[in-house]
Amino acid sequence: MLGWWLVSAPRLMAASEFETSYSSIYQVGLNGVTQVVLDISLENKISNVYADRFSLSVGFTDIRNVRVKDAVGLIEPEIVVTDNQTIIRFMFVDKVVGKGKVNRFSVSYETQDIAIKNGSIWEVNIPQLEADKEISSQKVTLIVPSVFGEPAFITPKPDTATNNPPAANTSNSYGFEALTLGNRAISAVFGTEQYMRFNLIYHLENNSPVKQGAEIAIPPDTNYQKMVYESIRPEPENVLIDKDGNWLAQYTLLPGQKLDVSTTGVVKISFNPDGSILNQDMWETYLSSSGYWQVDNAQVQALADKLGSAKSVYDYVTDYLSYDYNKVLTGGGRVGALAALNAPETAICTEFTDLFVTLARAAGIPARELEGYAFTSNDKLRPLSLTQDILHAWPEYYDLQTRRWVQIDPTWGDTTGGVDYFNKLDLNHFVFVIHGSDPVNPLPAGAYKTEVTSNKDVKVIASDPVVMPSEDLMFEAVYKRNWWKGVIELTVKNQGMVAGGGSLVIKSEPEGVVDEVREEVIPPYGERVMLVNTARGKGLIAPSNLLIKNGQREIMVRVEQDEAWGTSVKVAAGAVGATILAAGAYTAVRLLLRRRDR
1 MLGWWLVSAP
11 RLMAASEFET
21 SYSSIYQVGL
31 NGVTQVVLDI
41 SLENKISNVY
51 ADRFSLSVGF
61 TDIRNVRVKD
71 AVGLIEPEIV
81 VTDNQTIIRF
91 MFVDKVVGKG
101 KVNRFSVSYE
111 TQDIAIKNGS
121 IWEVNIPQLE
131 ADKEISSQKV
141 TLIVPSVFGE
151 PAFITPKPDT
161 ATNNPPAANT
171 SNSYGFEALT
181 LGNRAISAVF
191 GTEQYMRFNL
201 IYHLENNSPV
211 KQGAEIAIPP
221 DTNYQKMVYE
231 SIRPEPENVL
241 IDKDGNWLAQ
251 YTLLPGQKLD
261 VSTTGVVKIS
271 FNPDGSILNQ
281 DMWETYLSSS
291 GYWQVDNAQV
301 QALADKLGSA
311 KSVYDYVTDY
321 LSYDYNKVLT
331 GGGRVGALAA
341 LNAPETAICT
351 EFTDLFVTLA
361 RAAGIPAREL
371 EGYAFTSNDK
381 LRPLSLTQDI
391 LHAWPEYYDL
401 QTRRWVQIDP
411 TWGDTTGGVD
421 YFNKLDLNHF
431 VFVIHGSDPV
441 NPLPAGAYKT
451 EVTSNKDVKV
461 IASDPVVMPS
471 EDLMFEAVYK
481 RNWWKGVIEL
491 TVKNQGMVAG
501 GGSLVIKSEP
511 EGVVDEVREE
521 VIPPYGERVM
531 LVNTARGKGL
541 IAPSNLLIKN
551 GQREIMVRVE
561 QDEAWGTSVK
571 VAAGAVGATI
581 LAAGAYTAVR
591 LLLRRRDR
């Protein structure tokens, strides 16, 4: 971020008495180290004023080999590092005096805070340049090795671009002019998918004198991420999906039993999210007040009415709240949206998230909180705030136009000096739990502890790409007849490492007995039992097979007969039939006797 400067001749003057121009080059190396060169010009607009010193703020904390040079030679700078930026100050050696005279100088340095390699992707983030109406020209050039490949995303769109085929010792360059940049940051992602390998530990304990059921929330599929579970030990009895989309693994604990559950696998995170349908009931849920989200508060309602859109809410939250690094160290707790509004200087990721969710809901935009793991190489620029194993919280909102949930990160939007975490989220956010109906439950991995311990229960590392396993669903079908109606009990078990199901088209042999479509997603280790009715008038026909189509897969499932259940029905049906027949005979005899009496 380009900051302020002081001028004198001999008195202190304002920056408006100069016209400035910037030409910046950011050249990223194969190792991720970026060489930055800023060529700056100050033109005097008044004859008796000249600049004798300059101050430059950059949105990085890791900068090295700082060099400042003007027409006379090298200048020794003063370097001041704060929480999330570095200030470079220096006095000019060359005093350039006279209206229209130009003082040209350069500032160069190296940093590893611009380009970061995570697994199979590269991310490049250049913080915004400070807006100044006296800037006459501004140009930024980004140069990256061609082996990075073509970018999946660059914002803002570059004015010029040179892309070469991936090869050693060649580069790709992207140019940005003043009108394109405005005061926006530059963000680029090279690569469209990220893979992370994880090991998550959950500690359970039953302190009661009777058996108790227990659930743990294991990371679920979302419209951004797909899970591969290589193992869950011990295996759960079942894995259910709650109405927010969380995956809940179920266990039964004996009295006094302690149980440690270990999950291992890989998550694939994609840059472009899938679409998702939001039904009316959940739409209303994601607009309501709940705990830390005081949607009905008058102050919140008035502010939301002024903001209106998700982007306006995001901009307000990032501008209004300030990240409190001390609160993370002292372990300050979650306070909610209203408290964040009244104390904007003491916010961490939970406050940024709660305030966005609350204002968005009050503005009529469905929103919810996500908690999980976010990879960061610099916890000053991209901090993690939750105390359990250093987790992070960020929100998502439902975009009605695209019909999809959109994840954003206002916390990092604030701490990185304006990097755009609204239009495109990076590939570093790994969701553990979704909080929409309840702002607290279920708890994320890392929060299941039976005692105070320093053991690390969340381990996540970037991984090379993996081949995603195929679905592995097992089907069992049993036909049962009840009076005139037949029903098929269809059991679906997921024996694979990825979620299966989705749209299940169920038909029968012979045709016409069963013809249904079911929407059912079954996580790994999960099991579902569905009752499939036979068609009207076909209840007494037992189909021999079910034909189930799931995407491109077609499965034939043999239908077994429930002999014991069917026999009992036959007996009951026979007894009822005899009763009806006897009643009919009794009526006929009475009618016959009456006729004879007459």
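Start counting the sequence shown at 1; every next residue gets the next number (the UniProt record's numbering). Glycine is no exception: its CB is placed at the ideal position from the N, C-alpha and C atoms.
Asked	Found
In terms of residues, what are the limits of the alpha helix (DSSP H) holding THR411?	410 to 415
When you compare only the Cα positions, how much space is there between ARG233 and THR263?	7 Å
What three-state label does DSSP hand ARG67 in the structure shown?	strand
Can you grab the Cα-Cα spacing for the pair ILE40 / VAL295, in whole Å?	48 Å
What are the start and end residues of the alpha helix (DSSP H) that includes MET91?	Looking at the DSSP string, MET91 is not in any alpha helix (DSSP H); the run it does join, the beta strand (DSSP E), is 86 to 91.
Buried or exposed: where does ILE434 fall if 16 or more other Cβ atoms within 10 Å of its Cβ makes it buried?	buried
Does the region 524 to 533 come within contact of the region 238 to 245, defined as at least 3 CB pairs closer than 8 Å?	yes
For VAL517 versus THR534, is the C-beta spacing smaller than 8 Å?	no
Determine the direct distance from the alpha carbon of ILE408 to that of GLY336, and round the result to whole angstroms.	18 Å
Does PHE18 pass the burial test, meaning 16 or more other C-beta atoms within 10 Å, or should it be called exposed?	buried
PHE105 and ASP70 look like a contact to me (Cβ under 8 Å); what is the Cβ gap, rounded to whole Å?	4 Å
Considering Cα atoms alone, identify which of LEU427, SER508, LYS99 is closest to ASN272.	LEU427
Is DSSP giving TYR397 helix, strand or coil here?	strand
Going by other Cβ atoms of all chains shown within 10 Å of its Cβ, with 16 needed for buried, is VAL532 buried or exposed?	buried
Just to confirm my understanding: we take ALA249, look at its own chain, exclude 5 residues before and 5 after, and list those with CB closer than 6 Å. What are they?	ILE216, ILE218, PRO236, VAL239
Buried or exposed for THR86, going by 16 or more other Cβ atoms inside 10 Å?	buried
Please classify residue 616: does DSSP put it in a helix, a strand, or coil?	Since the first residue shown for the chain is 1 and the last is 598, residue 616 is missing from the structure and cannot be characterised.
Could you round the C-beta distance between VAL431 and GLY500 to whole angstroms and report it? I think they count as a contact, below 8 Å.	About 20 Å separates the two Cβ atoms, so there is no contact after all.
Does the Cβ of LYS157 have 16 or more other Cβ atoms within 10 Å, making it buried, or fewer, making it exposed?	exposed
Helix, strand or coil, according to DSSP, for MET474 in the structure here?	strand
Near ARG67, what residues of its chain come up, given a Cβ to Cβ distance below 6 Å and the 5 sequence neighbours on each side ignored?	SER108
Are residue 599 and SER503 closer than 8 Å when you measure CB to CB?	The first residue shown for the chain is 1 and the last is 598, placing residue 599 beyond what the model contains.
From what residue to what residue does the beta strand (DSSP E) around ASN550 run?	545 to 550
Assuming contact is defined by CB atoms lying nearer than 8 Å, are residue 602 and ILE365 in contact in what I supplied?	Nothing in the structure corresponds to residue 602, since the chain is present only between 1 and 598.
State buried or exposed for TRP283, treating a residue as buried only when at least 16 other CB atoms are found within 10 Å of its CB.	exposed
Quick check: the Cα distance between residue 659 and VAL80, rounded to an integer number of angstroms?	What the structure shows of the chain is the stretch from 1 to 598, and residue 659 is not part of that stretch, so it cannot be assessed.
Across which residues does DSSP place GLY265 in a beta bridge pair?	PHE198, TYR229
Quick one: grab the DSSP three-state call for GLU305.	Note on residue identity: the sequence assigns Asp, not Glu, to residue 305. DSSP places ASP305 in helix when its eight states are reduced to three.
Given VAL267, which residues of its chain have a CB within under 6 Å of its CB, disregarding the five upstream and five downstream residues?	MET196, GLN225, MET227, PHE430
Grab me the residues of GLY149's own chain with a C-beta within less than 8 Å of its C-beta, minus the 5 sequence neighbours each way, in chain order.	PRO166, PHE190, GLY191
Counting only the same chain and skipping the five closest in sequence on each side, list residues whose C-beta sits under 8 Å from that of LYS459.	PHE198, ASN199, LEU200
Under 8 Å, do ASP274 and ARG403 count as touching if we go by C-beta distance?	no
Give the DSSP bridge partners of GLU554, in chain order.	LYS549
What is the DSSP secondary structure of THR34, reduced to helix, strand or coil?	strand
Nearest to ALA304 by CA position, among VAL521, THR358, LEU370, LYS139, is which residue?	THR358
Starting from VAL513, trace the alpha helix (DSSP H) both ways and give me its first and last residue.	No alpha helix (DSSP H) contains VAL513, which DSSP labels as neither H nor E.
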